[in-house]
Amino acid sequence: MLLFLDVDGTLLPFGAAAAYPAYETPFELTAEGADHPLLSRIDPTLGPRLLALNCEMVWATTWLDDANACVAPWLGLPALPVVDWPDAGERPGALHWKTRPLVAWAAGRPFVWVDDEITAADRAWVDAHHPERALLHRVDHRYGLTQADFGVVGEWLGG
0 MLLFLDVDGT LLPFGAAAAY PAYETPFELT AEGADHPLLS RIDPTLGPRL
50 LALNCEMVWA TTWLDDANAC VAPWLGLPAL PVVDWPDAGE RPGALHWKTR
100 PLVAWAAGRP FVWVDDEITA ADRAWVDAHH PERALLHRVD HRYGLTQADF
150 GVVGEWLGG
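At position 85 of the sequence shown the residue is numbered 84 (numbering that gives the first Met the number 0), and the sequence of numbers has no breaks.
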C-alpha cells in the first residue's frame with residue numbers, strides 16, 4: 000500500500016493565527032536539515048507515527064530530494080522514494096497538478112494521498128481513472144497532520 004506524503008501544510012503547518020511551537024528533534028540531522036529555518040514547526044513524533052502505518056511512503060512534494068535531506072532526518076524516517084514531477088505545467092483548473100502524476104506513479108496499486116490541497120475534483124478524477132482503492136485525505140494546513148488524520152488514514156489502511 001502506498002502513502003503519498005506532502006510536506007508544506009501536511010507535515011509543516013502554516014497560516015494559523017497563533018504562533019507555532021518550536022520542536023526539537025531527537026534524531027540526528029544532516030547539515031541541510033540543521034540549517035532549514037522552518038523545520039522546528041514539524042513535530043518529530045510524526046515520524047514514528049508514520050512508520051507505524053506500515054505502508055510504503057513516497058514523498059509527493061515540491062521539496063523533491065530536499066525532503067530526504069531535511070525532513071526525513073528530522074522525523075527519523077529513512078530516505079523515501081520521491082515523485083519526480085513532470086516539467087510541463089498543466090493548465091489551471093479544478094484538478095490539482097499532482098493528481099495525474101500520482102495516479103501514474105501508483106500504477107494501479109492502492110494508495111493514500113495526504114495533502115492540504117486536495118479537492119472533490121481530485122477525488123472524482125481518481126475514482127474515474129484509478130482501478131484500485133484510493134484515499135485522498137485533505138489535511139488542514141493550519142495544523143498539519145493531527146491525531147484525527149492518523150485515525151482516518153490508519154482505519155483506511157487497515158480496511
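Each residue gets a CB set at the ideal place from its N, CA and C atoms; glycine is no exception.
Original post:
By Cβ distance, which residues of its chain are closer than 6 Å to Leu63, with the 5 residues on each side in sequence left out?
Top reply: If you number the sequence shown from 1, residue 63 lands on position 64. Excluding positions up to five away in sequence, the list reads Val81.
**OP:** Return yes when the Cβ of Leu10 is within less than 7 Å of the Cβ of Met56, no when it is not.
**Re:** By one-based count along the sequence shown, residue 56 stands at place 57. By one-based count along the sequence shown, residue 10 stands at place 11. Taking 7 Å as the Cβ cut-off, Met56 and Leu10 do not qualify as a contacting pair.
**OP:** Determine, using beta carbons only, whether Ile117 and Arg99 come nearer to each other than 7 Å.
**Re:** For the purposes of this step, residue 117 is taken as residue 118 along the sequence shown, with counting starting at 1. For the purposes of this step, residue 99 is taken as residue 100 along the sequence shown, with counting starting at 1. It is not a contact, given that the beta carbons lie outside the stated cut-off.
Subject >> Identity of the residues DSSP links to Glu55 by a beta bridge >> reply: Indexing the sequence shown from 1 puts residue 55 at position 56. Glu55 pairs with Leu1.
Subject >> Beta-bridge pairing of Ala119 - partner residues as DSSP gives them >> reply: By 1-based counting over the sequence shown, the position of residue 119 is 120. Bridge partners of Ala119: none, in fact.
**OP:** With a threshold of 16 other CB atoms inside 10 Å of the CB of Ala15, please say whether the residue is buried or exposed.
**Re:** To locate residue 15, count along the sequence shown from 1; it is residue 16. Ala15 is exposed by the Cβ-count criterion.
Subject >> When Pro36, Ala120, Leu144 are compared against Trp96, the one with the closest alpha-carbon >> reply: Here residue 96 is taken as the residue at index 97 of the sequence shown, counted from 1. Answer by Cα proximity: Ala120.
Original post:
In whole angstroms, what is the alpha-carbon distance linking Pro43 and Gly75?
Top reply: Here residue 43 refers to the residue found at position 44 of the sequence shown. Here residue 75 refers to the residue found at position 76 of the sequence shown. Pro43 and Gly75: Cα-Cα distance of roughly 8 Å.
Subject >> Backbone secondary structure at Arg137 - three-state DSSP >> reply: As a position in the sequence shown, residue 137 is number 138, starting the count at 1. Looking at Arg137 - three-state DSSP - the assignment turns out to be strand.
Original post:
Using the beta-carbon count (16 or more within 10 Å), is Thr60 buried or exposed?
Top reply: As a first step, residue 60 is located in the sequence shown; it is residue number 61 there, counting from the start. When all chains shown are included, Thr60 counts as buried.
Subject >> Counterpart residues of Phe110 in DSSP-defined beta bridges >> reply: In the sequence shown, counting from the first residue as 1, residue 110 sits at position 111. Per DSSP, Leu1, Ala133.
Original post:
If we call anything under 7 Å between Cβ atoms a contact, is Tyr19 one with Arg40?
Top reply: Taking the sequence shown and counting its residues from 1, the one referred to as residue 19 is at position 20. Taking the sequence shown and counting its residues from 1, the one referred to as residue 40 is at position 41. In this structure, Arg40 lies closer than 7 Å to Tyr19 by Cβ.
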